[in-house]
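**Q** One structure, as structure tokens, below. Some questions next.
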Amino acid sequence: MDALVRLRRLGFRKWYERQLLESHLYLVTCLLGLIAVLSAIELFGARRSAGEAVLAIAVGLGGVWVCLFCWQRYSRILQVAERLGDHAHCPRCDAYARFEIVDGGRALDEAAAGDGDPREVWLRGRCRKCGCEWTL
Ligand SMILES: [Zn+2]
696 MDALVRLRRL GFRKWYERQL LESHLYLVTC LLGLIAVLSA IELFGARRSA GEAVLAIAVG
756 LGGVWVCLFC WQRYSRILQV AERLGDHAHC PRCDAYARFE IVDGGRALDE AAAGDGDPRE
816 VWLRGRCRKC GCEWTL
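Count along the sequence shown from 1, add 695, and you get the number used in this note's numbering.
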């Protein structure tokens, strides 16, 4: 689903909360990948046959891939959420996260979320309290 549509449907607070939850699930998965790597090292050290060595290498490589992929997703999601969260105060009345989304940058889309620069993510918000518009 388009990130902007999802953000409008959920509202900023819920979207932010879910981003934090999703990013920390990636962090937990990253740690599981690290455990797989450590297990593979242990398994490789105690190998008794070529089959066990191949299994240890496969588990180790899989763990490295999971670890790197999940770390990248964790940091990207968290950077985007924190960047938008830091600017979610209305500049006129200081209301937090009480705005409608007028427009948003393309980098916010999930398709670009993997490789885009988090600084390219922007939202145009209109305060529900005072009507002020600003770019997050
Ligand atoms: Zn305001």
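Ideal Cβ placement from N, Cα and C applies to all residues, glycine included.
Leaving aside the five residues before and after L773 along the sequence, list all residues of the same chain whose C-beta is less than 7 Å from its C-beta, in chain order.
**A** Position 78 of the sequence shown, counting from 1, holds the residue named residue 773. Excluding sequence neighbours, L773 sits near S718.
**Q** Determine the extent of the beta strand (DSSP E) in which C762 is found, giving its start and end residues.
**A** Translated into the one-based positions of the sequence shown, residue 762 becomes position 67. No beta strand (DSSP E) holds C762; the alpha helix (DSSP H) holding it covers 745-781.
**Q** How would you call A751, buried or exposed, if buried means at least 16 neighbouring beta carbons within 10 angstroms?
**A** Position 56 of the sequence shown holds residue 751. Buried is the call here.
**Q** Where Q714 and L699 are concerned, what is the direct C-alpha to C-alpha distance, given to the nearest angstrom?
**A** On the sequence shown, position 19 is the one that residue 714 refers to. On the sequence shown, position 4 is the one that residue 699 refers to. When rounded, the distance between both Cα atoms is 13 Å.
**Q** Please go through the same chain and pick out, in chain order, the residues whose beta-carbon is closer than 8 Å to the beta-carbon of A776, but skip the five residues on each side of it.
**A** By 1-based counting over the sequence shown, the position of residue 776 is 81. Closer than 8 Å at the Cβ level, and outside the excluded window around A776, lie Y711, Q714, L715, S718.
**Q** What does G799 pair with, by DSSP beta-bridge criteria?
**A** As a first step, residue 799 must be located in the sequence shown, where it is residue number 104. Beta-bridge pairing links G799 to L818.
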